[in-house]
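Q:
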Amino acid sequence: MPEGAIAERDGRIAWLGREADLPEMFRSLAPVDGGGGWLTPGLIDCHTHLVYAGSRAGEFEARLNGESYESIARRGGGIRSTVRATRAASEQELIDAALPRLDALLAEGVTTIEIKSGYGLDLEPERRMLRAARRLAAIRPVRVVTTFLGAHAVPPEYEGRADDYIEHLCVSVLPELQAEGLVDAVDAFCESIAFSPDQVEKLFAAAGRLQLPVKLHAEQLSNQEGAALVARHQGMSADHLEWLSATGIEAMRKAGAVAVLLPGAFYVLRETRVPPIEALRVAGVPMAVATDSNPGTSPLTSLLLAANMASTLFRLTPQEALAGVTREAARALRLPDCGRLEVGACADLALWRVPQPANLVSELGARPLVRSWYAGRPRG
Ligand code: NIG
Ligand code: FE
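For the sequence shown, the numbering used here gives the first residue as 65, with consecutive numbering after it.
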């Protein structure tokens with residue numbers, strides 16, 4: 065809105081409208097001049113693996129030389145290589161490693177971020193990852209929500225015994241971490257190189273018993289009907305979705321699950337099969353966009369670049385891409401008070417130097433953020 069004004073009280077949006085209509089009670093407050101920029105909700109990155117140790121640049125080269133992600137995973141690299149580095153790191157080392165990545169996101173106006181565990185794969189290192197993730201919110205002005213991704217890969221000590229590992233997660237690890245208050249949601253990797261739909265079903269049932277909502281890495285490399293599995297459990301979102309089927313779309317529509325698009329992983333793995341965007345659009349399935357920031361398939365710390373890729377590679381309109389990193393990302397995380405400019409919503413705001421909002425999506429590396437606010441307080 066041109067000539068717009070917004071007022072904040074107690075971390076929430078108290079009023080918004082045309083500046084000329086600003087009620088007298090808000091005029092006395094210390095005003096900030098937007099300088100003709102555009103104001104949006106703070107951005108929301110609803111799918112990340114931001115906390116981890118080590119680097120996988122060597123695998124980047126292996127893939128350039130023709131080796132596939134699956135083949136690297138099967139020979140003990142991939143997720144398992146990050147598991148080795150992460151298990152060896154202290155909570156403080158995990159925080160120190162994650163901070164520059166978090167700062168890059170914050171410098172682009174991100175005010176809420178989801179962070180998954182999944183490189184610990186046992187109680188103690190998964191706990192350390194989740195604690196590190198939660199600590200980040202005490203160190204920086206950002207809202208962090210945590211997701212338990214113990215079912216990311218089978219750890220070496222359970223080699224060939226994936227069912228036993230799932231049982232261990234359901235009976236011991238997940239209930240313990242939930243009791244410690246470290247878990248907001250439960251995720252899994254449903255894929256031929258990870259866990260079967262039956263195994264995920266067991267985990268989701270355990271999550272349900274603990275009243276934790278679920279989401280899933282689904283149909284990234286093949287169609288396992290993971291999206292329908294999420295829908296059966298009234299899950300929050302199904303993420304990736306390159307191989308999503310018509311059945312999956314219909315199930316997501318009925319369940320109100322969000323499709324989280326992760327074009328960074330699609331790009332890095334040089335995938336060629338695009339998620340069925342038009343069918344999702346026609347079905348009215350909400351589409352969010354996230355970085356999937358992780359050391360292997362998406363070493364990406366720019367949510368605006370993810371939005372650009374969602375448009376360039378997946379053909380989202382700029383408006384859809386922007387909604388995908390604000391309103392729909394909030395929906396994916398079930399944070400109804402975030403991701404929108406409305407009275408009563410969180411005063412998480414970003415001010416941009418752009419001629420129109422579409423420039424946020426169309427430009428690469430432009431650094432358009434002027435300033436941002438988290439719960440009404442100015443940042444940095
Ligand atoms: O979202 N697909 C599985 N999990 C991550 C990759 C994690 C990794 O390779 O370290 C993803 O792409
Ligand atoms: Fe992921």
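Quick reminder that beta carbons are idealized off the backbone N, C-alpha and C, glycines included.
1. Closest to H216 by C-alpha separation, out of S145, L158, A162, L276, would be which residue?
2. Whose CA, out of L415, N423, V237, S426, lies closest to the CA of P442?
3. Does DSSP put Y438 in a helix, a strand or coil?
4. Report the partner residues of P105 according to the DSSP bridge assignment.
5. Going by Cα to Cα distance, which pick from R379, E342, Q284 is closest to Y133?
6. Is it true that the CB of A409 sits closer than 9 angstroms to the CB of P76?
7. Measuring straight from C-alpha to C-alpha, what distance separates A430 and V174?
8. Got a sec? Which residues, its chain only, sit under 8 angstroms from P359 by beta carbon, not counting five neighbours each side?
9. Going by DSSP, what residues sit across from H216 in a beta bridge?
10. If you draw a straight line from the alpha carbon of E306 to that of L185, how long is it in whole angstroms?
11. Would you list, in sequence order, the uninterrupted alpha helix (DSSP H) runs of no fewer than 4 residues that lie entirely inside the stretch 108-178?
12. To which residues of the same chain is F330 closer than 7 angstroms at the C-beta, ignoring the five residues directly before and after it?
13. Beta-carbon within less than 6 angstroms of A422's beta-carbon, same chain only, minus the 5 sequence neighbours each way: which residues are those?
14. Confirm the yes/no value for this check: CB of K318, any heavy atom of the ligand FE, distance under 8 angstroms.
15. How would you label L280, buried or exposed, when you count the other beta carbons within 10 angstroms and need 16 or more for buried?
16. So, helix, strand or coil for V324, using DSSP?
17. Can we count I360 as close to the ligand NIG, meaning its CB is less than 8 angstroms from some heavy atom?
18. Starting from D251, trace the alpha helix (DSSP H) in both directions and tell me its first and last residue.
19. Pairing CB atoms from the stretch 248-260 with CB atoms from the stretch 194-201, are three or more of them under 8 angstroms?
20. So R58 is in the beta strand (DSSP E); what residue range does that whole segment cover?
21. Which residue's Cα is closest to the Cα of G299: V264, S286, L380, R165?
22. So for L368, helix, strand or coil by DSSP?
A: Quick look at the numbers:
1. Nearest of S145, L158, A162, L276 to H216, Cα basis: S145.
2. Ranking L415, N423, V237, S426 by Cα distance to P442 puts L415 first.
3. In this structure, DSSP gives Y438 an extended state, which the three-state scheme calls strand.
4. L413
5. Q284
6. It should be noted that the sequence gives Arg, not Pro, for residue 76. A contact, by the Cβ cut-off of 9 angstroms.
7. 15 angstroms
8. H113, Y116, G118, S119, R120, T146
9. As DSSP reads the structure, H216 sits in no beta bridge.
10. 26 angstroms
11. 121-128, 133-138, 143-151, 155-170
12. E306, L377
13. P382
14. no
15. Burial check for L280: the Cβ neighbour count within 10 Å reaches 16 or more, so the residue is buried.
16. strand
17. Reading off the sequence, residue 360 comes out as Gly, not Ile. For the ligand NIG, at least one heavy atom lies less than 8 angstroms from the Cβ of G360.
18. Note, D251: premise wrong, no alpha helix (DSSP H); beta strand (DSSP E) at 249-252.
19. Proximity of the stretch 248-260 to the stretch 194-201 falls short of the contact definition, fewer than three beta-carbon pairs being nearer than 8 angstroms.
20. Lying outside 65 to 444, the shown extent of the chain, residue 58 is not represented and no answer is given.
21. V264
22. helix
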